[in-house]
Each structure stands twice: as C-alpha cells, then as structure tokens.
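One structure below.
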Amino acid sequence: MGEGERFQLGTVGALSLSVVSSVSIVICNKALMSSLHFIFATTLTSWHLLVTFCSLHVALRMRFFEHKPFEQKAVMGFGILNGISIGLLNLSLGFNSVGFYQMTKLAIIPCTVLLETIFLGKRFSKRIQFALTILLLGVGIATVTDLQLNAVGSFLSLLAVITTCVAQIMTNTIQKKFKVSSTQLLYQSSPYQAATLLVSGPFLDKFLTNQNVFAFNYTTQVTFFIVLSCLISISVNFSTFLVIGKTSPVTYQVLGHLKTCLVLAFGYILLHDPFSWRNILGILIAMVGMILYSYYCTLENQQKTVETSVQTSQAREAESDPLINVENGSSVVSDSVVQMSPLWSKDKD
C-alpha cells in the first residue's frame, strides 16, 4: 500500500471517528441537560479536557506515543485561545436566540476562508466556494428559525467566530510548522484549555443559569452520564485535532455541519424531536453541498498529485541528463567560471 493510499485511509478514519464520536456525545449531553437538567456546559467541557489530558498522560506512560516538546509560548497561547473560544460560544448561546447562535456557527466557514486567504495566501476555487455556499444555505434552512438581534449578543458572537477560526487555523499550522502529531499537540495544549475553563466555567455557568454547579444534586444517573460524556470526549477531542491536522479547518467545519444534520435526524428518530419539511429540505440541500465539496476537493487533490509527480519526473530527468539543461537554454558552468564571476560583475559595475 502506497503512502498516498495510507494517507487517504487515515483521513477517512479520522473523519469517521469524528462523526461517530461527536454525534454520540451530542446525544449523551442532550440527555444529560434536557432530561436530567444538568445545564452547566462550560464546566462540563473543562472536565472533558481534564479527562482527555489524564488519559493521554496514561497513554504516554504506556508509550503509545512520544512526547515532543516545542515552543512553550505557542502551546500556552493556543491552549488559552481554545478555552476562550469555547467560553465565548457558550456566552453567545446565552445572550442570543438559538437561531442567531446557529447563524454564528455558520459564519465560521466564510470567516475561516477569509482569514486563510488574507494571512496564509490560500486560494479557494470558485467551485469550492459554490459548494460551501450550497452547504451553508442548506444548514441555514434546516437549523435557523428565529433571528433576534441585540448589541451584546452580536459582539460576543463576533468574538466567538474570530477566536474559533483563529484557534482552528492554528491547530493546522502548528502541527505542520513544528512537525508534531495531533496527539502530541492535544497532550501539550489540553492542560491550558482545561485550566482556562476550570477557572472560568463555574462563574460563567452561574451567570448564564443562575445555578451553582457545586450545589447540584449529583444522582447516580447524572454521574453516570457525566462519566460517559467525559469518556466520549476523549475521542471527540482527539479526532478534532486529527481531522484539522490531516485536512484543513474549512473541511472540519464542513464535517461539523454534517454532524448537525445527523444530530437532527437522530433526534427525530430516537428522541422523537419535532421535525418539519423545512428541516428535511435543508438537510437534503446541505448534503448536496457536502457531496459537491468532497467531489471538488478530491478532483483538486488529484490534479495537485499529478502536477507534483510530473514536476518530480522532470527534475529527475534533468538530473540524469545534464544536456537537457543546455537544450532548455541553460549551460553547465565549470568551477573556474564560477570563481571568476564575481570579478566579472565587479568590472561591469
């Protein structure tokens, strides 16, 4: 099996793991918050990250992966930024209607495209932009209902979108820049994410719910679902870093909207949530957008692979036959000429 095939299988596995784990944790958390009334989302997320770090530390001790330390300031800034983005998303939900919160999540894709274009020089083809537009239209039809605007909520949503986009772009760039795996990056950044949310979570949840997380009645059933949610979160956090590292932040957001559609469908089938023809239409349009995005990405990746292989073969031919350089208008320069060139330049000046 070639390296390209192994990469494709690894990418498919990462995407599948992300979808299965994310849908599972949403269903688990929905039962925890809706049925058992444990509504402390930020504190629960901090426990997720803490359990993730502890599990990775055990895996490190068992030598399932190697610890690769790199620039500490980058890790700390990245971890804190991730924690802040989660808190801002929860605040956005608290200050806005559900419809406006869904619009906030939809805005992450165009914002990520804009930031990558401006600061990283990345180019998105017109057909990729078309597929993303179809996807966002479908998800918007399926999820966005009421749009109640207010100044504070809009400002928080803007901050949430920007911090989330930057954090996800950093997830991809840090892995490539420092040549660390998703596991290594998650292991080193999760303590800072957990610490940020452990400190701010109880106060943020108190502000949003008017309830104290430490005064909640932790029954056996509630504890069971909390533990289950934390265990599933290990897979969710790991697959998030894995998907962004292997693909891109935009692809991860596309995958996130697929999860939203699946959650809506599972909610209707398993939990008998209310469902309308508008939801069905939106999901179908979103699925068309996802299929187009996947198809166009595959085409462009194949084109890049062919171009790279052609360039590589041409370079090898040039190295094996120096006369090709002469035929292309270049010449083979001897050592004596190289040594004389500075003097020639000096005389010319």
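With the UniProt record's numbering, the residue at position 37 of the sequence shown is 37, and numbering never jumps. Ideal placement from N, C-alpha and C gives every residue a C-beta, glycine not left out. Values in this document were obtained by computation on a predicted structure and should not be read as measured data.
Expressed to the nearest angstrom, what Euclidean distance is found between the alpha-carbon atoms of residue 107 and residue 100? 10 Å
Helix, strand or coil for residue 257? Go by DSSP, reduced to three states. helix
Expected contact under 8 Å - CB spacing of residue 109 and residue 253 to nearest Å: 5 Å
Whole angstroms is fine: what's the gap from residue 200's alpha carbon to residue 186's? 20 Å
Whose CA, out of 68, 142 and 248, lies closest to the CA of residue 14? 248
Buried or exposed for residue 67, going by 16 or more other Cβ atoms inside 10 Å? exposed
Can you check whether the CB of residue 135 is closer than 7 Å to the CB of residue 41? no
If we count the other Cβ atoms within 10 Å of its Cβ and call it buried at 16 or more, is residue 161 buried or exposed? buried
Spatial neighbours of residue 164 in its chain, beta-carbon cut-off 6 Å, leaving aside the 5 residues before and after: 85 and 108
Report yes if the C-beta distance between residue 243 and residue 18 is below 7 Å; otherwise report no. yes
Can you check which of these residues, 37, 52, 96 and 30, is closest to residue 231 by C-alpha distance? 52
How would you write the range of the alpha helix (DSSP H) that residue 211 sits in, first residue to last? That residue, residue 211, is in no alpha helix (DSSP H); it is neither H nor E in DSSP.
Can you name, in chain order, every residue of its own chain whose Cβ lies under 8 Å from the Cβ of residue 323, other than the five neighbours on each side? Note that residue 323 has pLDDT 47, beneath the 50 cutoff, so the model's placement of it is unreliable and no number is given.
Just checking my contact of residue 46 with residue 194 at CB under 8 Å: how many whole Å lie between their CB atoms? 6 Å
If we ignore side chains and look at the alpha-carbon of each, how far apart do residue 97 and residue 155 end up? 14 Å
Looking only at its own chain, which residues have a Cβ that is under 7 Å from the Cβ of residue 144, when we skip the five neighbours before and after it? 99, 102 and 103
I'd like to know whether the C-beta of residue 263 is nearer than 7 Å to at least one C-beta of chain D. The question asks about chain D, but that chain is absent: this structure has only one protein chain.
Check whether the Cβ atoms of residue 283 and residue 142 lie closer than 7 Å to each other. yes
Would you check if the stretch 57-64 and the stretch 165-174 touch, i.e. whether three or more CB-CB distances between them fall below 8 Å? no
Run through DSSP, which three-state label would residue 171 get? helix
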